[in-house]
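**Q**
There are 2 protein chains.
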Amino acid sequence: MENLVTAIGTPNIALVKYWGKRDVGLNLPYNSSLSMTLDESLNTKTSVLVSDRLQSDTIYIDGAQQKFDDAKEEKFALLAEVLNYMREAASSSSKVMIVSRNSFPSSAGLASSASGAATLVFALNEAFGLGLGQRELVIIARRISGSSCRGLMGGFVRWERGELPDGTDSYATQVADNAHWPEVVDLIALVSAEKKRISSSEGHRRTPSTSELFKVRPEIAERFAGMASRAIGQRDFQTLGEIIIKDSNNMHATMLDSYPPIMYLNDASRRIIYAIHDLNASEGRIVGAYTFDAGPNAHIITLKNDIPKIKAALQGIASEEKIIVAGQGSGPRVLDESESLIGKDPFGQIKM
Amino acid sequence: MENLVTAIGTPNIALVKYWGKRDVGLNLPYNSSLSMTLDESLNTKTSVLVSDRLQSDTIYIDGAQQKFDDAKEEKFALLAEVLNYMREAASSSSKVMIVSRNSFPSSAGLASSASGAATLVFALNEAFGLGLGQRELVIIARRISGSSCRGLMGGFVRWERGELPDGTDSYATQVADNAHWPEVVDLIALVSAEKKRISSSEGHRRTPSTSELFKVRPEIAERFAGMASRAIGQRDFQTLGEIIIKDSNNMHATMLDSYPPIMYLNDASRRIIYAIHDLNASEGRIVGAYTFDAGPNAHIITLKNDIPKIKAALQGIASEEKIIVAGQGSGPRVLDESESLIGKDPFGQIKM
Numbered sequence: 001m002e003n004l005v006t007a008i009g010t011p012n013i014a015l016v017k018y019w020g021k022r023d024v025g026l027n028l029p030y031n032s033s034l035s036m037t038l039d040e041s042l043n044t045k046t047s048v049l050v051s052d053r054l055q056s057d058t059i060y061i062d063g064a065q066q067k068f069d070d071a072k073e074e075k076f077a078l079l080a081e082v083l084n085y086m087r088e089a090a091s092s093s094s095k096v097m098i099v100s101r102n103s104f105p106s107s108a109g110l111a112s113s114a115s116g117a118a119t120l121v122f123a124l125n126e127a128f129g130l131g132l133g134q135r136e137l138v139i140i141a142r143r144i145s146g147s148s149c150r151g152l153m154g155g156f157v158r159w160e161r162g163e164l165p166d167g168t169d170s171y172a173t174q175v176a177d178n179a180h181w182p183e184v185v186d187l188i189a190l191v192s193a194e195k196k197r198i199s200s201s202e203g204h205r206r207t208p209s210t211s212e213l214f215k216v217r218p219e220i221a222e223r224f225a226g227m228a229s230r231a232i233g234q235r236d237f238q239t240l241g242e243i244i245i246k247d248s249n250n251m252h253a254t255m256l257d258s259y260p261p262i263m264y265l266n267d268a269s270r271r272i273i274y275a276i277h278d279l280n281a282s283e284g285r286i287v288g289a290y291t292f293d294a295g296p297n298a299h300i301i302t303l304k305n306d307i308p309k310i311k312a313a314l315q316g317i318a319s320e321e322k323i324i325v326a327g328q329g330s331g332p333r334v335l336d337e338s339e340s341l342i343g344k345d346p347f348g349q350i351k352m
Numbered sequence: 353m354e355n356l357v358t359a360i361g362t363p364n365i366a367l368v369k370y371w372g373k374r375d376v377g378l379n380l381p382y383n384s385s386l387s388m389t390l391d392e393s394l395n396t397k398t399s400v401l402v403s404d405r406l407q408s409d410t411i412y413i414d415g416a417q418q419k420f421d422d423a424k425e426e427k428f429a430l431l432a433e434v435l436n437y438m439r440e441a442a443s444s445s446s447k448v449m450i451v452s453r454n455s456f457p458s459s460a461g462l463a464s465s466a467s468g469a470a471t472l473v474f475a476l477n478e479a480f481g482l483g484l485g486q487r488e489l490v491i492i493a494r495r496i497s498g499s500s501c502r503g504l505m506g507g508f509v510r511w512e513r514g515e516l517p518d519g520t521d522s523y524a525t526q527v528a529d530n531a532h533w534p535e536v537v538d539l540i541a542l543v544s545a546e547k548k549r550i551s552s553s554e555g556h557r558r559t560p561s562t563s564e565l566f567k568v569r570p571e572i573a574e575r576f577a578g579m580a581s582r583a584i585g586q587r588d589f590q591t592l593g594e595i596i597i598k599d600s601n602n603m604h605a606t607m608l609d610s611y612p613p614i615m616y617l618n619d620a621s622r623r624i625i626y627a628i629h630d631l632n633a634s635e636g637r638i639v640g641a642y643t644f645d646a647g648p649n650a651h652i653i654t655l656k657n658d659i660p661k662i663k664a665a666l667q668g669i670a671s672e673e674k675i676i677v678a679g680q681g682s683g684p685r686v687l688d689e690s691e692s693l694i695g696k697d698p699f700g701q702i703k704m
């Protein structure tokens with residue numbers, strides 16, 4: 001067989017966080033989480049070429065070739081498993097070339113691996129012509145990168161904790177699509193593109209096994225996830241915003257309580273946190289709700305009308321060119337062949 | 353009556369922290385805490401003049417006159433109460449002049465108010481010739497500044513949580529005097545003299561009332577306090593060091609989980625934390641154990657022999673002149689009249 005597919009996907013920002021794996025191999029979380037899928041302001045483009053003319057499976061991310069058997073990067077071994085699973089399901093013996101490119105820095109707490117994994121699983125399904133259902137794709141994506149499973153659909157998405165040891169009930173469903181409450185946007189303030197000192201996968205293991213405070217985190221986050229879903233249903237930004245702030249700080253607190261501690265917030269993050277609380281206090285309402293993933297860059301969830309107020313509050317902390325405003329997206333989609341990152345002639349050429 | 357007394361006292365550094373008041377008026381803690389009283393490397397000198405020739409009660413701290421009825425500084429109102437209590441106990445009607453000076457910046461997480469309150473209560477007892485017992489002084493000091501009650505004796509000190517609503521069983525006792533394990537010292541790395549954004553007294557209220565994680569903090573700290581006492585008894589630095597690190601991070605985690613969050617660690621604090629973990633990992637033992645009060649300055653508890661290793665690890669983060677090494681002290685003591693901060697002739701002159 002020979003097929004070339006290009007897809008685009010996006011990060012999703014967790015409003016109620018996933019931190020801590022109850023099963024490391026299956027990427028099963030301790031608590032349900034809730035996210036917003038972003039539009040293509042930040043995106044991953046991935047081309048998959050399936051062809052008998054290829055000699056071996058290769059994968060290039062942001063221009064660099066990656067090894068499927070890299071011991072330090074277990075996600076690539078999982079990827080190889082997924083690839084073989086899909087190849088078998090398609091009764092194919094063709095080799096695969098994957099070229100993926102992020103429009104933003106990776107390993108800086110901008111959910112690049114979630115965006116990458118969601119887009120890749122989507123693209124592989126298309127390239128092999130498998131027609132797998134969304135729930136099946138969600139569970140495949142979850143195994144590669146937990147939070148990527150929330151990125152296969154648009155709008156607001158809830159990832160169920162689940163109860164079963166095999167993880168078949170730990171999948172993502174849409175709470176509301178991106179037409180339900182489009183006023184909600186993510187204003188991203190980039191304060192650092194530095195790679196994190198402690199990887200998310202190490203952190204997901206370390207916090208549950210060493211933090212005393214983490215014992216109560218799953219129950220707190222589960223409650224927050226329920227409250228946030230209801231707030232989204234009612235378009236209640238005051239309730240949603242307070243949960244977003246509390247949940248982010250709650251997660252980072254359990255990170256700090258780990259041994260050795262994990263600290264992703266820096267002085268710029270802290271200045272943003274205080275600036276947002278000052279703004280909210282002076283306006284007498286929650287204008288912005290910050291949330292931080294495993295990195296110092298701030299995601300400020302706000303309503304479109306309030307973007308100028310947030311930008312004014314960040315003056316002197318994050319300059320205009322360090323701010324990206326992303327709306328809600330609708331999940332991954334197939335792009336036209338003209339957008340391919342892999343050339344057909346010369347065969348297998350990587351387009352820059 | 354007329355009497356002039358000068359005393360010197362020192363800060364104490366908590367190895368298991370006090371954070372959160374179960375009774376705000378009485379300064380009753382949610383958990384027992386454990387501290388080390390420092391030697392006079394950092395100190396507070398306080399002169400108390402009791403005299404019928406004075407027109408009114410006055411107090412000067414670090415050169416500035418303070419108001420006993422300052423609404424923003426409730427500790428001065430408590431101080432006025434204590435002063436009146438002692439005056440009555442001494443059957444005196446004399447007015448008092450208090451001059452107090454810290455050898456280090458205040459409100460920067462260096463326990464200046466604890467040092468100040470312990471020294472003052474000690475000096476007032478001497479100036480009025482009351483001869484109150486240590487337990488009585490401890491409870492008086494606790495009411496002015498909770499952690500000051502640990503500073504009225506030397507070496508390692510435990511402050512009991514207590515159970516009674518009137519606080520009479522929440523007092524401090526010596527775990528071991530400063531001759532028991534004199535190798536243990538506090539290497540203080542000053543990274544900032546900036547005043548904190550959120551006062552300790554506000555934080556003591558905010559965290560218990562808003563942090564979800566704080567619900568489990570008292571039980572954790574109580575356990576840590578017991579373990580730390582035993583480790584001190586056995587001169588077991590490995591166990592003590594691990595508890596010190598975990599307890600500091602645990603407390604700061606509940607601060608971060610408060611709403612709005614309270615954040616005292618800055619980028620320099622974080623660099624120190626990582627440097628100490630790197631050093632401990634490379635030596636295969638706990639060489640240093642950091643702990644932070646309500647400020648970014650690091651207290652690194654270490655053994656005398658390891659001071660050069662800690663200093664080497666801090667190179668590029670805290671310069672030599674920003675490092676103070678304090679051993680263990682024996683608590684407040686009376687100084688010679690030549691050290692008085694108040695002159696007798698001219699009467700009541702403040703000596704610079």
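Those protein sequences? They're chains G and E, same order as listed. One point on numbering: in this note's numbering, the residue at position 213 of the first sequence is 213, and numbering is uninterrupted. One point on numbering: in this note's numbering, the residue at position 206 of the second sequence is 558, and numbering is uninterrupted. Every residue, glycine too, gets a C-beta built ideally from N, C-alpha and C.
1) Please confirm whether E/Val568 has its beta-carbon closer than 8 angstroms to some beta-carbon of chain G.
2) For G/Asp257, return the contacting residues in chain E, with the cut-off set at a CB-CB distance below 7 angstroms.
3) Run down chain E in chain order and give the residues with a C-beta less than 7 angstroms from the C-beta of G/Asn297.
4) If you compare alpha carbons, which of G/Ala253, G/Glu163 and G/Asn27 is closest to G/Glu212?
5) For G/Gly20, which option in G/Val50, G/Asp169 and G/Gly203 has the closest C-alpha, if you only look at C-alpha atoms?
6) Mind checking if E/His629 is an interface residue toward chain G, Cβ cutoff 8 angstroms exclusive?
7) Give, in chain order, every residue of the stretch 306 to 335 of chain G whose Cβ lies closer than 7 angstroms to some Cβ of chain E.
8) Pick helix, strand or coil for E/Phe508, following the three-state DSSP scheme.
9) Alpha carbon to alpha carbon, what distance is there between E/Ile572 and E/Ile496?
10) For G/Val24, count neighbouring C-beta atoms within 10 Å of its own C-beta (all shown protein chains included) and say buried if the count is 16 or more, exposed if not.
11) With a threshold of 16 other CB atoms inside 10 Å of the CB of E/Leu516, please say whether the residue is buried or exposed.
12) Report all residues from its chain with a CB closer than 8 angstroms to the CB of E/Leu489; omit the five preceding and five following residues, and keep chain order.
13) Three-state secondary structure (DSSP) at E/Pro570?
14) What's the call for E/Thr362, buried or exposed, on a 16-neighbour Cβ count within 10 Å?
15) Do you know whose CA, among G/Ser32, G/Asn12, G/Ala14 and G/Leu4, lies nearest G/Arg223's CA?
16) Any heavy atom of the ligand SAH inside 7 angstroms of the beta-carbon of G/Gly343?
17) When DSSP builds the beta bridges, which residues end up paired with E/Phe699?
18) Three-state secondary structure (DSSP) at G/Ile8?
19) Taking Cβ positions, are E/Asp404 and E/Glu354 nearer each other than 8 angstroms?
20) Could you pull the start and end residues of the beta strand (DSSP E) that G/Thr173 belongs to?
21) Does the beta-carbon distance from G/Ala298 to G/Ile272 come in below 8 angstroms?
22) Quick one: residues in its chain with C-beta nearer than 7 angstroms to the C-beta of E/Ala466, no 5 flanking neighbours on either side, listed in chain order?
23) Grouping DSSP H, G and I as helix and E and B as strand, with all else coil, what is E/Glu392?
24) Enumerate, from N- to C-terminal direction, the unbroken beta strand (DSSP E) stretches of 3 or more residues contained entirely within the stretch 228 to 307 of chain G.
25) Taking E/Gln680 as the reference, give the member of E/Phe566, E/Asp391 and E/Leu406 with the closest Cα.
26) Strictly under 8 angstroms for the Cβ-Cβ distance: is E/Leu565 near chain G by that measure?
27) Is the stretch 540 to 555 of chain E in contact with the stretch 607 to 621 of chain E, if contact means three or more CB pairs nearer than 8 angstroms?
28) Taking the Cβ atom as the reference point for each residue, do G/Met97 and G/Ile342 lie within a distance shorter than 8 angstroms?
29) Return no unless some Cβ of chain G is closer than 8 angstroms to the Cβ of E/Lys598.
30) Out of E/Ile411, E/Arg374, E/Gln667 and E/Gly481, state which residue places its alpha-carbon closest to the alpha-carbon of E/Ala620.
31) Mapping the DSSP letters down to three states, classify G/Leu28 as helix, strand or coil.
32) Could you tell me the boundaries of the alpha helix (DSSP H) in which G/Leu187 lies?
33) Count the other CB atoms within 10 Å of the CB of G/Ala281; is the residue buried (16 or more) or exposed (fewer)?
34) What residue range does the beta strand (DSSP E) around G/Lys95 cover?
35) Going straight from the alpha carbon of E/Asp688 to that of E/Gln526, what length do you get?
**A** If we stick to the structure as given:
1) yes
2) Asn601, Asn602 and Ala605
3) The contacting residues do not exist; G/Asn297 stays about 15 angstroms from chain E at best.
4) G/Ala253
5) G/Gly203
6) yes
7) none
8) strand
9) 26 angstroms
10) exposed
11) exposed
12) Val473, Phe474, Asn477 and Leu504
13) helix
14) buried
15) G/Ser32
16) Because no ligand of any kind appears in the structure shown, any question about the ligand SAH cannot be addressed here.
17) E/Lys696
18) strand
19) yes
20) Ala172 to Ala176
21) yes
22) Pro363, Asn364, Ser497, Ser499, Ser500 and Gly503
23) coil
24) 288 to 291 and 298 to 303
25) E/Asp391
26) yes
27) yes
28) yes
29) yes
30) E/Gln667
31) strand
32) Element bounds for G/Leu187: not the alpha helix (DSSP H) but the beta strand (DSSP E), Val184 to Ala189.
33) exposed
34) Lys95 to Asn102
35) 26 angstroms
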